[in-house]
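Peer 1: Residues in the sequence shown are numbered from 78 upward in steps of one, following our numbering.
One structure, as structure tokens, below. Some questions next.
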Amino acid sequence: MPIDPELLEVLACVESKRPLLYVPADGDQPEALLCQESRLRYSFDPEGGFPVLLIDEAVRIDDEAEFQALLARAKSA
Numbered sequence: 078m079p080i081d082p083e084l085l086e087v088l089a090c091v092e093s094k095r096p097l098l099y100v101p102a103d104g105d106q107p108e109a110l111l112c113q114e115s116r117l118r119y120s121f122d123p124e125g126g127f128p129v130l131l132i133d134e135a136v137r138i139d140d141e142a143e144f145q146a147l148l149a150r151a152k153s154a
């Protein structure tokens, strides 16, 4: 389920304080939020559907191919 655009406007990366990109679900890949600057991927709570913006729960994407694939999904949303 896509995130409300108004909510996305006010969300920011916990580490960099930069805006987040919405990454839609794709097959077995769940939806996420992505920060281009810090390369952190934030997941959504599976029960409530809200973004989990905790630094301890975020995943840093070090693999360039994976990061580019997430960016491509975000830009297609």
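Just so you know, even glycine gets a beta-carbon here, dropped at the ideal spot from N, CA and C.
The structure presented is a predicted model; accordingly, all values stated were derived computationally and were not measured.
1. According to DSSP, is Arg137 helix, strand or coil?
2. By Cβ distance, which residues of its chain are closer than 6 Å to Val136, with the 5 residues on each side in sequence left out?
3. Quick check on DSSP: helix, strand or coil for Gln113?
4. Within 10 angstroms of the Cβ of Pro123, are there 16 or more other Cβ atoms? Answer buried if so, exposed if not.
5. Could you give the DSSP three-state label for Leu97: helix, strand or coil?
Peer 2: So, from the listed chains and residues:
1. Reduced to three states, the DSSP call for Arg137 is strand.
2. In the same chain as Val136, and ignoring 5 residues on each side of it, the C-beta atoms closer than 6 Å to its own belong to Arg118, in chain order.
3. Gln113 falls in the coil class under three-state DSSP.
4. Exposed, by the Cβ-count rule.
5. In this structure, Leu97 counts as coil in the three-state DSSP scheme.
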